[in-house]
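Step one of this worksheet: look at the structure below.
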Amino acid sequence: MACLTVNPDVQAQGDGERILKHMENRARAQGISKLFVLTTRTAHWFIKRGFAPATVDALPKDRQRLYNWQRKSQVLIKTL
Numbered sequence: 063m064a065c066l067t068v069n070p071d072v073q074a075q076g077d078g079e080r081i082l083k084h085m086e087n088r089a090r091a092q093g094i095s096k097l098f099v100l101t102t103r104t105a106h107w108f109i110k111r112g113f114a115p116a117t118v119d120a121l122p123k124d125r126q127r128l129y130n131w132q133r134k135s136q137v138l139i140k141t142l
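Take 63 as the starting number for the sequence shown in this note's numbering and just add one per residue.
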């Protein structure tokens, strides 16, 4: 998942939850068994929705090479 954002004016109305569920369903339909996210600010939101903290080493090899160490993003993974 590359990005999930909700306009602050409409947060807490369930839009982010609906987008995430849609992405999970699409991933399952394509035979994907895990989703990963990188976040610098919203780890708590994803953890409440079943994602677990992980290390950069848990990312796919091609994504590991693109990881930006200066951003210090947290890696979170969810098994579908």
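For glycine and all other residues, C-beta sits at the position ideal for the given N, C-alpha and C.
These numbers were taken from a predicted model, which means no experiment stands behind them.
Alpha carbon to alpha carbon, how far is residue i from residue j?
i: S135; j: E79; result: 21 Å
i: K83; j: K123; result: 26 Å
i: I139; j: N130; result: 17 Å
i: T102; j: N69; result: 17 Å
i: A105; j: Q92; result: 25 Å
i: D119; j: A89; result: 21 Å
For the candidate residues the options, whose alpha-carbon lies nearest to that of residue i?
i: T117; options: R125, L142, K110; result: R125
i: E86; options: R127, G112, L121; result: G112
i: G76; options: A89, W107, R88; result: W107
If you drop the 5 nearest sequence neighbours on each side, which residues of the same chain put their C-beta closer than 8 Å to that of residue i?
i: I94; result: L142
i: A114; result: L138, I139, K140
i: L22; result: Here the chain covers residues 63 to 142 and nothing more, so residue 22 does not appear.
i: V109; result: The sequence given here places Ile at residue 109; Val does not occur at that position. Hits under 8 Å: P115, L138.
Taking 7 Å as the limit between beta carbons, can you name the residues of its chain near residue i, skipping five residues before and five after?
i: A74; result: none
i: R133; result: T102
Quick check: residue i and residue j, are their CB atoms within less than 7 Å of each other?
i: V137; j: L100; result: yes
i: I81; j: L97; result: no
Would you list, in sequence order, the uninterrupted alpha helix (DSSP H) runs of no fewer than 4 residues that lie entirely inside the segment 105 to 130? 105 to 109, 123 to 128
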